[in-house]
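Protein chains: 2
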Amino acid sequence: MNKKVAVVGIGHTKFGRFPDATLRELAAVAGFSALEDAGITSPDIDFLSVGVASGSLSGQLSPAASVADALGITGAPLYRSEAACATGSAAIRSAYTALASGASDIALVVGAELMTRVPSAKATEYLAEMGDYGWEYPHGITFPGYFGLIASAHMKEFGTTEEDLALVAVKNHENAYHNEYAQFRKRITVDDVLKSKMVAYPLKLLDCSPLSDGASALVLTTEEHAKDLSDTPVWIEANALASLNNLAAERKDLATIPSVRLAAKKAYAQSGLGPKDIDFAEVHDCFTIAEIVVYEELGFSGRGKGAELVRSDQTSIGGEIPVNPSGGLKAKGHPLGATGVSMAVEVVKQFRGEVERRRYVGGEVALTQNMGLTGQYSFVTIYRRG
Amino acid sequence: MNKKVAVVGIGHTKFGRFPDATLRELAAVAGFSALEDAGITSPDIDFLSVGVASGSLSGQLSPAASVADALGITGAPLYRSEAACATGSAAIRSAYTALASGASDIALVVGAELMTRVPSAKATEYLAEMGDYGWEYPHGITFPGYFGLIASAHMKEFGTTEEDLALVAVKNHENAYHNEYAQFRKRITVDDVLKSKMVAYPLKLLDCSPLSDGASALVLTTEEHAKDLSDTPVWIEANALASLNNLAAERKDLATIPSVRLAAKKAYAQSGLGPKDIDFAEVHDCFTIAEIVVYEELGFSGRGKGAELVRSDQTSIGGEIPVNPSGGLKAKGHPLGATGVSMAVEVVKQFRGEVERRRYVGGEVALTQNMGLTGQYSFVTIYRRG
Numbered sequence: 001m002n003k004k005v006a007v008v009g010i011g012h013t014k015f016g017r018f019p020d021a022t023l024r025e026l027a028a029v030a031g032f033s034a035l036e037d038a039g040i041t042s043p044d045i046d047f048l049s050v051g052v053a054s055g056s057l058s059g060q061l062s063p064a065a066s067v068a069d070a071l072g073i074t075g076a077p078l079y080r081s082e083a084a085c086a087t088g089s090a091a092i093r094s095a096y097t098a099l100a101s102g103a104s105d106i107a108l109v110v111g112a113e114l115m116t117r118v119p120s121a122k123a124t125e126y127l128a129e130m131g132d133y134g135w136e137y138p139h140g141i142t143f144p145g146y147f148g149l150i151a152s153a154h155m156k157e158f159g160t161t162e163e164d165l166a167l168v169a170v171k172n173h174e175n176a177y178h179n180e181y182a183q184f185r186k187r188i189t190v191d192d193v194l195k196s197k198m199v200a201y202p203l204k205l206l207d208c209s210p211l212s213d214g215a216s217a218l219v220l221t222t223e224e225h226a227k228d229l230s231d232t233p234v235w236i237e238a239n240a241l242a243s244l245n246n247l248a249a250e251r252k253d254l255a256t257i258p259s260v261r262l263a264a265k266k267a268y269a270q271s272g273l274g275p276k277d278i279d280f281a282e283v284h285d286c287f288t289i290a291e292i293v294v295y296e297e298l299g300f301s302g303r304g305k306g307a308e309l310v311r312s313d314q315t316s317i318g319g320e321i322p323v324n325p326s327g328g329l330k331a332k333g334h335p336l337g338a339t340g341v342s343m344a345v346e347v348v349k350q351f352r353g354e355v356e357r358r359r360y361v362g363g364e365v366a367l368t369q370n371m372g373l374t375g376q377y378s379f380v381t382i383y384r385r386g
Numbered sequence: 387m388n389k390k391v392a393v394v395g396i397g398h399t400k401f402g403r404f405p406d407a408t409l410r411e412l413a414a415v416a417g418f419s420a421l422e423d424a425g426i427t428s429p430d431i432d433f434l435s436v437g438v439a440s441g442s443l444s445g446q447l448s449p450a451a452s453v454a455d456a457l458g459i460t461g462a463p464l465y466r467s468e469a470a471c472a473t474g475s476a477a478i479r480s481a482y483t484a485l486a487s488g489a490s491d492i493a494l495v496v497g498a499e500l501m502t503r504v505p506s507a508k509a510t511e512y513l514a515e516m517g518d519y520g521w522e523y524p525h526g527i528t529f530p531g532y533f534g535l536i537a538s539a540h541m542k543e544f545g546t547t548e549e550d551l552a553l554v555a556v557k558n559h560e561n562a563y564h565n566e567y568a569q570f571r572k573r574i575t576v577d578d579v580l581k582s583k584m585v586a587y588p589l590k591l592l593d594c595s596p597l598s599d600g601a602s603a604l605v606l607t608t609e610e611h612a613k614d615l616s617d618t619p620v621w622i623e624a625n626a627l628a629s630l631n632n633l634a635a636e637r638k639d640l641a642t643i644p645s646v647r648l649a650a651k652k653a654y655a656q657s658g659l660g661p662k663d664i665d666f667a668e669v670h671d672c673f674t675i676a677e678i679v680v681y682e683e684l685g686f687s688g689r690g691k692g693a694e695l696v697r698s699d700q701t702s703i704g705g706e707i708p709v710n711p712s713g714g715l716k717a718k719g720h721p722l723g724a725t726g727v728s729m730a731v732e733v734v735k736q737f738r739g740e741v742e743r744r745r746y747v748g749g750e751v752a753l754t755q756n757m758g759l760t761g762q763y764s765f766v767t768i769y770r771r772g
C-alpha cells in the first residue's frame with residue numbers, strides 16, 4: 001500500500017437488546033466516543049465510512065446519510081459498505097484504501113446494527129434472505145442451517161464432538177463475563193450448552209451468537225497524522241479480503257472455509273508475519289463450529305486439529321494464543337455491521353491495557369478475522385502496537 | 387492519488403422492464419461484456435466491486451456474492467457499495483481507491499438493479515424508505531415529493547417554469563430515441579409532458595425517471611496495465627465525492643444542492659480543469675428539475691440560470707455543452723445500481739465513437755455527475771480520452 005494507516009480512536013456501545021434505541025443513536029454514541037478518544041471533532045473527518053448490513057432490520061433502507069446526520073458530518077465523503085456479517089470489516093477496508101490511496105486523511109468508521117426492532121423470526125428471515133435467493137434460500141435454509149452442515153461435516157471428517165463445540169461457547173462466555181460491553185455476562189457450562197434447545201443439528205441455542213443491537217467506531221488516519229492524534233497508535237500491518245463461491249451446494253468440502261485461508265495467506269504475506277507471531281486474535285464465532293474451523297484456516301492449528309486447541313485451553317486467556325478475549329460474537333454479541341469494527345476496538349483496548357485484568361492478554365501483534373455469509377466475504381487484518 | 391486509473395472495458399444491458407430476468411443474470415450479461423471488451427476473463431479480476439442499491443427490490447438482501455457467482459469470480463476481493471441512486475458511482479469509487487492505493491490491479495465494477503419484480507407501488511415504498519426513517523418518511527414524503535419541493539423552490543426563486551422542466555424531458559427523450567440501450571425510445575413534446583399525469587406538483591409523469599431493470603459494467607485498471615488491455619483507455623482525471631445534511635426540512639435553500647457544487651469544486655481542483663473544459667456531460671436527471679439545478683452547481687450556468695441553457699438548446703446535441711447524450715436517467719432508464727456505471731459507459735462510447743451518428747458528441751474531456759437521495763451522496767468524475 002502507498003501509505004501506512006493507523007487506528008487512533010475507538011468507540012463502542014454496549015451490545016444487547018435496546019428496544020428504545022434507533023440505529024442513528026447507537027451509531028452516534030459509538031462515533032462520538034471515537035472522535036473524543038482521538039481528540040477531534042466532526043469537522044476534522046474527511047471520510048465517513050458506515051457499515052450497516054441490513055436496511056430492512058432497522059427500517060432505514062439507505063442508512064449512511066442518517067448516521068452522518070446524527071454525527072453532524074456534512075460535506076465530507078460518505079460511504080456505506082455491506083458484506084453481510086463482515087460489514088464492519090468492509091467499512092474498515094473502505095476507509096483503509098481511501099487513506100492509503102491519498103484520497104482522504106482522517107476517516108471515521110462506524111459500524112452499527114439494530115436487530116431486535118423486528119420480531120426474532122422476522123430477523124432470522126431477513127438474515128436468511130442474504131443467502132442465495134435463487135437456489136438455496138427458497139429451499140428453506142437459514143444460517144444456523146448452513147453452519148449446522150459445516151459442523152456435521154467437520155465432526156464426520158475429523159471426529160470433532162458436540163462437547164468440543166460447547167467448549168468454545170464456555171470459553172467465550174467466560175471472557176464476556178468480564179467485558180462491560182458484552183451482551184451476555186453469564187458463565188455457562190458444557191452441560192448448559194449440550195442441554196440447550198436444538199437449533200440446527202448439531203448446533204444448539206448456546207452454540208449460536210445472538211441477535212444484537214449495538215455500534216462500534218474507529219478513527220483511522222495516515223502516518224502523517226497518527227502521532228499527532230494518538231500517543232498509542234495501532235498500525236494496520238495487513239488488510240486482506242478474499243471471497244468464496246456462493247452456493248454451499250457446490251462446495252467440495254464443507255468442513256473447510258477456503259476464503260479464510262486465502263485471506264490469511266495474503267495478510268501474512270503483506271505483513272511478513274505468520275501464525276506464530278500472533279499474540280491474540282478476535283475471530284468470527286457466529287456459531288461455535290466457525291471458531292474451530294477458523295483456527296485451522298488461520299494456521300493456529302493443523303487441518304482437522306482445531307478442536308484440540310480448545311480442548312487443551314490454548315485459546316483461553318493464559319493459553320498459547322488467546323482467541324476472542326472480548327467474548328466474541330457468541331457472547332459479546334453480533335450486531336452485524338458493528339462486529340468487524342468491534343474486533344479492532346478490542347485489539348486497541350488490549351494493546352492499551354484498557355480492559356479488566358482478568359481478560360487482559362496484551363501483546364504486540366493481533367489478528368482479526370471476520371466473515372460474511374458462510375465465507376463469501378473473508379477479511380483478515382493484522383494490527384501492531386505502535 | 388498515488389496511481390492513475392483508466393477504464394479499459396465496458397458492458398451494458400438494455401434498460402427496461404425484464405420480468406423474466408434475475409439480478410444476477412443482468413449483472414452477468416453486463417459483466418461478461420465488459421470482460422470481453424477488455425479482452426480478459428474472470429480469473430484476471432482481482433477486485434469485484436458490485437453496486438446494487440436495494441436488496442429488497444430484487445429479493446437478494448446481500449447481493450454481491452450471487453453476482454460474483456454468476457460471473458465465476460471466486461477468491462478475489464468482493465465488495466458491495468450502496469449509495470441509493472448513486473450506488474453505481476460508489477462502486478466505481480471503491481474500485482478506484484483500491485486501484486489507486488495499490489491494493490488491486492484489475493477491477494471489475496458491476497452496477498445492477500431489478501426494480502420491476504415488485505409492483506410499482508411497492509417499489510416506490512422501498513425507495514421512500516431510503517429517505518429519513520425517523521422524521522421525514524413517516525410523514526409520507528416520497529422522492530417525487532422531495533424533488534417537487536426543489537422544483538417549487540426553484541420556480542419561485544428564479545422564475546423557472548413548468549415548460550422549462552418539460553424541455554429537459556423532450557431533449558433527453560430525443561437523445562434516447564437513438565440509443566439502442568434506452569428504456570424509452572419515443573420522442574415526446576412539451577405538450578405531452580405538460581398534459582401527463584401530475585405526480586408531485588409541479589412534476590408530472592413525464593418529468594420523472596422510470597422504474598428500470600438493467601446492469602452496466604466497467605473494467606478499471608492502473609497505468610501499468612492500461613495500455614496492454616486497451617488501445618483506447620479512458621483516464622479518470624478526477625473522482626470526487628461530497629455529502630449533504632440528511633433532512634430536507636433543515637436545508638436553508640431547497641433550490642440548490644450544495645453537495646453537487648462541492649463535489650464539482652473538488653473534481654475541478656483535482657483535474658486542473660473547469661466547466662469550460664468539459665466537452666459533454668452525463669448528469670443525474672432523476673427528475674427534470676434535477677438536471678437544471680445540476681447545470682448551476684457544476685458551473686455550466688450561473689446560479690438560477692440553468693433553465694436558460696435548455697431554452698436555448700445549449701445542452702442539446704450540437705449545443706455548447708451537450709448533457710445526457712445517452713438519454714439520461716429520464717429516458718435511458720434508471721436502474722439505481724447501474725446508473726452511475728452507465729454514465730461512464732456512455733463517456734467511453736462517445737470517446738470511441740461507438741454511438742449512432744445522430745447522438746455522437748465526441749470530445750476529449752467529459753464529466754459525470756450522479757447523486758444519491760436528494761444529494762446526500764454527490765459524485766462528480768472527470769474522464770479524459772487516452
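As you go down the protein sequences, you meet chains U and V in turn.
Residues 1 to 386 in this note's numbering are what the first sequence lists, from first letter to last.
Residues 387 to 772 in this note's numbering are what the second sequence lists, from first letter to last.
All C-beta atoms in this analysis are idealised placements derived from N, C-alpha and C, irrespective of residue type, glycine included.
Chain-ordered chain U contacts of residue i [CB-CB under 9 Å]
i       : result
T408(V) : Y133 and G134
Extent of the continuous beta strand (DSSP E) run through residue i
i       : result
A6(U)   : V5 to H12
L241(U) : V234 to S243
N756(V) : V751 to G758
R261(U) : From DSSP, R261(U) is part of no beta strand (DSSP E) but of the alpha helix (DSSP H) over P258 to S271.
DSSP state of residue i mapped onto helix, strand, coil
i       : result
S602(V) : strand
M198(U) : strand
G55(U)  : helix
E499(V) : strand
K590(V) : strand
A107(U) : strand
R357(U) : helix
V50(U)  : strand
G16(U)  : strand
L695(V) : helix
H250(U) : Position check: residue 250(U) holds Glu in this sequence, whereas His was assumed. Helix.
Extent of the continuous alpha helix (DSSP H) to which residue i belongs
i       : result
Y519(V) : No alpha helix (DSSP H) contains Y519(V), which DSSP labels as neither H nor E.
F351(U) : L336 to R352
R410(V) : L409 to A424
T473(V) : T473 to S487
E566(V) : Careful: E566(V) lies outside any alpha helix (DSSP H) and carries neither H nor E.
E677(V) : T674 to E683
Counted within 10 angstroms of its Cβ, other Cβ atoms place residue i as buried (16 or more) or exposed
i       : result
E499(V) : buried
D387(U) : Residue 387(U) is absent from the structure shown; chain U starts at 1 and stops at 386.
K204(U) : buried
R770(V) : buried
P530(V) : buried
T189(U) : exposed
H540(V) : buried
D599(V) : buried
A68(U)  : buried
Contacting residues, own chain, Cβ-Cβ under 6 Å from residue i (five flanking each side not counted)
i       : result
T767(V) : N625 and T754
Y465(V) : S435 and S480
S452(V) : R410 and Q446
L648(V) : A628
T416(U) : Missing from the structure shown is residue 416(U); chain U here goes from 1 to 386 and no further.
Amino acids of chain V, ordered along the chain, whose beta-carbon sits closer than 8 Å to that of residue i
i       : result
G59(U)  : E515 and Y519
D69(U)  : D518, N631, N632 and L633
T189(U) : The contacting residues do not exist; T189(U) stays about 35 Å from chain V at best.
Contact list for residue i against chain U, beta-carbon separation under 8 Å
i       : result
L759(V) : S62 and A65
7 Å Cβ shell around residue i - same chain, five flanking residues per side excluded
i       : result
E308(U) : S301
V727(V) : G437, G474, A477, I478, V495, G497, S602, A603 and L604
L715(V) : S595, H670, D671, C672 and T725
Amino acids of chain U, ordered along the chain, whose beta-carbon sits closer than 7 Å to that of residue i
i       : result
N388(V) : N2, S101 and G102
Any non-hydrogen atom of the ligand HEM within 6 Å of residue i CB
i       : result
D192(U) : For the structure depicted, the ligand HEM is absent and the ligand set is empty, with no information on it obtainable.
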